[in-house]
Structures are given as C-alpha cells and as structure tokens.
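A.B. asks: Basically the working numbering = 1-based index in the sequence shown + 207.
We treat Cβ as the ideally placed atom computed from N, Cα and C, and that holds for glycine.
Note that the structure is predicted; figures quoted are calculated from it, not measured.
Take a look at the following structure, please.
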Amino acid sequence: YQVTFGGDLVLNTFGQYGDPDAPEANLIMHGMLDTPSGFTLMASDAPPGMPLDTGSTITISLSGDDDAELRGYWEKLTDGGSIEVPLEKQMWGDTFGMATDKFGTRWMVNIHGAD
C-alpha cells in the first residue's frame with residue numbers, strides 16, 4: 208500500500224518485542240503508513256493464538272474532496288483486483304465505488320460532491 212499511497216512506512220515485528228526465535232517472530236505486530244495527504248493506515252498480522260479468518264472480514268473506506276487524488280488511489284487499488292461498484296456519481300451527489308484489491312482487501316472510495 209505504500210506504493211499506492213506514498214508516505215513513510217514503519218513495521219515492527221513480534222520478534223522485536225518478544226522471542227526473536229518464535230515461529231511468529233517475522234510477523235508484523237504493528238504496521239503504520241503515514242501518507243503525504245494526511246491519511247494514516249495501521250495494520251498487523253494476526254497475533255499468536257488468535258485465529259485468522261481470511262476473506263471479506265473488513266472493508267476500508269477512503270473519503271475526501273480531492274477528485275484527482277482519490278481517483279488515482281482507485282486506479283492503483285483496482286489494478287489486479289475486481290470492481291464491485293464502478294466509481295461513478297451516485298444519487299446522494301458523491302462519486303462512489305467499491306472494489307477488492309489484488310490482496311483481497313475490500314475498499315470503498317467516496318469523493319464528496321464530485322462532478
């Protein structure tokens with residue numbers, strides 16, 4: 208996602224804060240991406256002992272006023288993924304789309320009052 212949004216990425220593993228020889232030592236305990244546009248994305252791998260349920264368990268929403276910027280993110284997020292709702296003007300006046308990226312993460316993009 209750093210390629211998509213730009214910015215500074217910080218990754219800390221479970222091994223950095225626990226047993227460096229544990230099976231999960233290389234998994235991400237805390238990941239944070241601060242983007243030039245002021246977005247902060249945070250994520251982690253499933254911690255040890257917590258079951259991992261893959262699939263559409265989350266959807267991430269991006270909303271804003273900058274049409275060109277959000278359309279740029281949309282293009283990058285949909286590259287290699289699938290579009291469920293095309294990024295188009297909706298009845299509530301905003302431009303909205305929903306897609307699943309190539310990693311299986313669902314995204315909703317809403318551009319406020321876009322023409």
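Compute the beta-carbon to beta-carbon distance between Tyr307 and Ile267, rounded to the nearest angstrom, for a pair I have assumed lies under 8 Å.
C.D. replies: According to the sequence displayed, residue 307 carries Thr and not Tyr. Not a contact, Cβ separation roughly 11 Å.
A.B. asks: Give the DSSP-derived three-state secondary structure of Leu259 in the structure shown.
C.D. replies: Reduced to three states, the DSSP call for Leu259 is coil.
A.B. asks: Measure the alpha-carbon distance for Leu218 versus Gly225 and round it to whole angstroms.
C.D. replies: Their backbone Cα atoms lie some 15 Å apart in a straight line.
A.B. asks: Please list, in chain order, all residues of the same chain as Phe212 whose beta carbon is under 6 Å from its beta carbon, the five residues on each side excluded.
C.D. replies: Here the set comprises Thr242.
A.B. asks: In the DSSP assignment, find the unbroken alpha helix (DSSP H) run with Glu282 in it and report its ends.
C.D. replies: That run of the alpha helix (DSSP H) goes Asp274 to Thr285.
A.B. asks: By Cβ distance, which residues of its chain are closer than 8 Å to Tyr208, with the 5 residues on each side in sequence left out?
C.D. replies: Here the set comprises Leu240 and Leu248.
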